[in-house]
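Each position in the sequence shown, counted from 1, maps to that position plus 31 in my numbering. Note that the Cβ used here is the ideal one computed from N, Cα and C, for glycine as well. Since the structure is predicted, the reported quantities are computational estimates derived from the model, not experimental observations. Worksheet for the structure shown next.
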Amino acid sequence: MKEHALHLLVLSHVFSVPSLKTVCVDQLERGFLAPDNMVDMLQLARLCDTPRLALACVRMVIGDFKTISLTDGWKVMRRANPSMEQELLESLVEADTRRQERAKKMEETKVYLQLYEAMEVLVHICRESNIYENNQTYIGLTDIPLFLRNGNWY
């Protein structure tokens, strides 16, 4: 089955056998996708109307663009199908933008967590200052930056 999955995919598309097409796509996703044949597999996936295989190919192009863009298949595709190259490059840019946005959100989350911790420290300091105020131990507002800088919050 593995060695004939490519041919069977084409035949399953031509003769409209969806169950065979699904099995062929599974086989191709598991063992046949490689940087050398990625562009050819993507074109075949689009011709045979297999969006899952096409998506797997696009993800592989995004993940290993440097290697795939140096293959002969990519060079041929650039000349024969420039719109496909443009579409893949747009997908690459979108993926990079999403990655940058995710990193920015992670950084913002870190800042918000630090602010939350600082607020918790301030609440703790205010509670402690109220407790010790009667015993002549007073923590003033000028001491707060010292606590925050040294990390001795509690």
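Less than 8 Å between the beta carbons of residue i and residue j, yes or no?
i, j, result
"C79", "V41", "yes"
"F63", "A85", "no"
"V56", "T81", "yes"
"V92", "L119", "yes"
"I99", "M69", "yes"
"F96", "L123", "yes"
"D71", "G104", "yes"
"T102", "P49", "no"
"S43", "K33", "no"
What are the boundary residues of the alpha helix (DSSP H) that residue i is part of?
i, result
"A87", "82-94"
"V48", "It is not in any alpha helix (DSSP H) - V48 carries neither H nor E in the DSSP assignment."
"M72", "69-78"
Am I right that residue i and residue j are in contact with their C-beta atoms under 8 Å? What's the rounded C-beta distance?
i, j, result
"E116", "M108", "6 Å"
Let me know the alpha helix (DSSP H) ranges lying completely inside the region 91-126, each 4 residues or longer, listed in chain order.
-> 96-99, 103-111
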